[in-house]
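Taken in sequence, the protein lines are chains H and G.
Position 208 (the first sequence) corresponds to 208 in my numbering; numbering is contiguous.
Position 190 (the second sequence) corresponds to 1190 in my numbering; numbering is contiguous.
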Amino acid sequence: MGGDSNTAARWLFISAVAWLGAAVTVALLLAVKFVFPEFLSGSAPLQFGRLRPVHITLAAFGWLSMVQVGMAYYTVPRLARVELHSQRLAKLSVLLWNLFLILAAITLLAGMTQGREYAELVYPLDVLFLALLALVAYNLLRTVLVRKEEKLYVTLWYFLAALVWMPVVYFVGNVMWTPKGALYGVNDAIVNWFYGHNILGLWFTPLGVGAAYYLLPKLVQKPLYSHRLSLLGFWTLGLFYPWVGTHHLIFGPVPVWAQSVAIIASVAMVLPVLAVTVNFWKTIEGRWHLLAGAQERLSAGDSVALKFLVLGGVWYLLTCLQGPFQALRQVQPYVHFTNWVVAHAHLALLGAFSFWGFACIYYALPRLTGAEVSPRPAKAHFYLLTIGLSGFIASLTVAGLIQGSSWQAGVPFVDVVASLRPYLAVRLVSAVMMVASVYIFIYAVFSSLRGVRR
Amino acid sequence: MRALTIAAGVAALVGVALLVTVFLPMGDSSLYEPSPELKPLNELQERGRQIYIREGCWYCHTQQVRNLSMDVQYYGRVSEPGEYAYLSPVLLGTERTGPDLARVGGVYSDDWHLAHFINPRYTVPRSIMPSFSYLSQEELEALIAYVQSLGGAEAERRAEMQRRMKRAMLEAQRLGREEEMMQAMVPASYRSLENPLAGSAEAVLLGRKLFAENCSGCHGSGGGGDGPAAAYLAPKPANFTSAEFMSTASDGRLYYSILRGVPGTAMHPFGAKLTEREVWSLIAYLRTLEE
């Protein structure tokens, strides 16, 4: 397939890369502020509390969602053996999406927020995002419904589910039946966390796992280990994940039964995670040499895509085992409200899902554009990001444990803040490495595209 | 057909979860029943709350005392659903880069908050909170009114007491009877205490470090009562280099003020933050500052 039939996917990948550049630049400013609080101080739009949601919105709804939906635009027609239902609607969705992100960044910097985590955006932007989600979902569902391929590969199951789930999660989570976008009292927090956790569980996870299930057999040149196991993982994900949100409010002012239900579901999440993981590693079995040494069998792009895919699988397992562990009442007091959670969130969104996102781009973009990825910057991107992320996760995890145990011991609050400084400094150095790796990635992508035009 | 079945199946799964985890609590009227003393915020406090939301204060400060002994020890009584009945969004928070604020109202004076918002390091030298010096005077006043309301009726009473004491202190100051009033506030059993660590070089060294970390923002790095926060405070912070002040202030009076704070001023209690040895060490250091 070539020509116009791939335009939307290509646009979306390129937009994703550009927004990632913006998101990590903001992240770097934030990391500096933790060590040097006077950095850029005294300016309203550059104040920490205004930049933080910009970072998260651009990373989650810009980069990550865009690269994942781009992958859906790429894979769904291929797995269904038909053209995308409407290339025009898909291109429209990309344009609307970029408009949405520009407006999101401007409004957040201006301090226009609904005061709810991950759900900050003002009502008109919520409506715009829901509209473009509907556009994406309609287009892809129509494509699946007229498919010529009889078999429904597991990737399509996951994408279908994500497209059904996300509009519901977004609508309910943003309390969109009122323009205020919030409920009264503690139920507001319950709805907020149903939403906050399920954009991860019912959007990034099915889209990410679906993409990984597509890429893995292609890259290791071997069929998926078990279709049945992948379906077990699929249905248990749907069964347990939507219930976990209230584990963000353990010991808080919400009904204890609701906390317990969330804890039980969180622990049950071990099942789908193991199903995915076992399937993943069993598929790679016998093909490890592709990761090292025998790279002549893969193109430069595919080779680095496989590296990102496999290491992303490791981060996925780690973060998904942390989840059930953290949700336990015995562990909560030591980790909640601390930097541990910041590390955990980055392990999931940057480690697992963004690594798979990079794999998608290194795999699919050359196939869409005919451009070759140049191996040196791609490898530099991979190794620098991996080192940076490891330093980031290690420093914040330790910082979090220091916070949690110091609070348990009754150490004065500001003494605990002061004791974190070395760890926040390591985080800053790690952040510099990660941001540099992303700039290298952007350079690699755009220089390969320049080659195509010539 | 197969695809539609899957879509219906996953929709049903999320529907059931929504019903139980979200809609069931929404139908629980006990979660909306206001606490007995709960009042809606007044206009100024509500305006302050909007600034608190706009500036993203809630990313680093929680507003919930969890049912954990460590939370109670730091922040007071456990939070209940009824205390949030009138709030939307609810701002429970998610991270404690800074301390919980659920019951912070009245713990510090209005002046302390003003200096703290202008630059948090003025009052808490090791703070990493951003400076909010770009807010207008009116915005700062609203934000202070909001923060002083946190903790409900109990907080309002504390904040009101701070304001009443401030007026009394300023009046006493005008009459030149400030130290007299201070002495009257210190119980006799404290007034006559003597510093068991007086003259210890070790204590002075520890005291110097503690002073730089905790006191220098208001009292100045040399103890002259001229720290960067002082410009925003009335009454002014004590000047430990003044021979007159240091001769009237007994060890016991200093000990009591550090332990309990001085209501109506920015001097808040350090009793929960410093050990007995640390407080006496600080006093030993203060005695070296006189010029």
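All C-beta atoms in this analysis are idealised placements derived from N, C-alpha and C, irrespective of residue type, glycine included.
Treat the numbers as computed from the prediction; the structure is a model and nothing was measured.
| query | result |
| --- | --- |
| Given this structure, state the Cα-to-Cα distance separating P1130 of chain G from E38 of chain H, to the nearest angstrom. | 7 Å |
| Does C1057 of chain G have its Cβ less than 9 Å from a Cβ in chain H? | yes |
| What residue from H:F392, H:L449, H:G404 and H:V416 has the CA that sits closest to V432 of chain H's CA? | H:F392 |
| Pick from G:G1106, G:G1027 and G:S1281: whose alpha carbon is nearest that of N1195 of chain G? | G:S1281 |
| Using alpha carbons as the reference points, say which of H:V341, H:W356, H:D188 and H:L271 lies closest to A305 of chain H. | H:W356 |
| Taking DSSP as the reference, what is the three-state secondary structure of F337 of chain H? | strand |
| If we call anything under 9 Å between Cβ atoms a contact, is A161 of chain H one with L309 of chain H? | no |
| DSSP three-state call for G3 of chain H: helix, strand or coil? | Low local confidence applies: a pLDDT of 48 at G3 of chain H is under 50, so the model's placement there is unreliable, with the coordinate-based value given in what follows. Reduced to three states, the DSSP call for G3 of chain H is helix. |
| Tell me which residues share the same chain as A126 of chain H and place their Cβ nearer than 7 Å to its Cβ, disregarding the 5 neighbours each side in the sequence. | Per the sequence presented here, residue 126 of chain H reads as Asp, with Ala not at that position. Cβ neighbours of D126 of chain H beyond the five flanking positions: N174, M176 and G181. |
| I'd like to know whether the C-beta of W177 of chain H is nearer than 9 Å to at least one C-beta of chain G. | no |
| Whole angstroms is fine: what's the gap from L89 of chain H's alpha carbon to A9 of chain H's? | 12 Å |
| Taking 7 Å as the limit between beta carbons, can you name the residues of its chain near F48 of chain H, skipping five residues before and five after? | L30 and K33 |
| Considering only residues of the stretch 185–217 of chain H, which uninterrupted alpha helix (DSSP H) runs meet the minimum length of 4 residues and lie entirely inside it, listed in chain order? | 187–199 |
| Nearest to H247 of chain H by CA position, among H:L231, H:T386, H:Y195 and H:G312, is which residue? | H:Y195 |
| So who's on the other strand from E1037 of chain G, going by DSSP bridges? | Partner(s): none; E1037 of chain G has no beta bridge. |
| Kindly indicate the opening and closing residues of the alpha helix (DSSP H) around R78 of chain H. | S65 to A80 |
| Restricting to Cα atoms, I'd like to know which of G:Y1146, G:F1211 and G:F1240 is closest to D1110 of chain G. | G:Y1146 |
| Determine, using beta carbons only, whether D1273 of chain G comes closer than 9 Å to chain H. | It should be pointed out that residue 1273 of chain G corresponds to Lys in this sequence rather than to Asp. K1273 of chain G counts as touching chain H. |
| Return no unless some Cβ of chain G is closer than 9 Å to the Cβ of T113 of chain H. | yes |
| Closer than 7 Å, Cβ to Cβ, to anything on chain G: give me those residues from the stretch 387–419 of chain H, in chain order. | W407, Q408, G410, P412, F413, V414, V417 and A418 |
| From which residue to which residue does the alpha helix (DSSP H) around I264 of chain H run? | V256 to A268 |
| Any beta carbon from chain H within less than 9 Å of S1079 of chain G's own beta carbon? | yes |
| In this structure, how does DSSP classify R454 of chain H when only helix, strand and coil are distinguished? | Model confidence at R454 of chain H stands at a pLDDT of 47, short of 50, so the residue's coordinates are unreliable and nothing is read from them. |
| Near L96 of chain H, what residues of its chain come up, given a Cβ to Cβ distance below 8 Å and the 5 sequence neighbours on each side ignored? | L128, A131, L132 and L135 |
| Using a Cβ-Cβ cut-off of 9 Å, state whether R450 of chain H counts as contacting chain G. | no |
| I'd like the span of the alpha helix (DSSP H) that includes D415 of chain H, first residue to last. | F413 to S419 |
| Straight-line CA distance for E1154 of chain G to V1107 of chain G? | 11 Å |
| Is it a yes or a no for the stretch 1052–1059 of chain G touching the stretch 1077–1094 of chain G, going by three-plus beta-carbon pairs under 8 Å? | yes |
| Under DSSP, the alpha helix (DSSP H) around R1208 of chain G begins and ends at which residues? | A1201 to N1214 |
| Taking all protein chains shown into account, decide if S447 of chain H is buried (16 or more other Cβ within 10 angstroms of its Cβ) or exposed. | exposed |
| Quick one: what does DSSP say E1083 of chain G is sitting in, helix, strand or coil? | helix |
| Note the first and the last residue of the continuous alpha helix (DSSP H) segment covering L306 of chain H. | A300 to Q326 |
| Let's test the definition: count the other Cβ atoms within 10 Å of the Cβ of S1149 of chain G and tell me whether it reaches 16, buried, or not, exposed. | buried |
| Short of 6 Å in beta carbon distance, which residues of its chain neighbour I1006 of chain G, apart from the five on each side in sequence? Order them along the chain. | none |
| When you compare the CB of E1213 of chain G with every CB in chain H, is at least one pair closer than 9 Å? | yes |
| Give me the chain G residues within the contact set of I190 of chain H, using Cβ-Cβ distance strictly less than 7 Å, ordered along the chain. | V1022 and P1025 |
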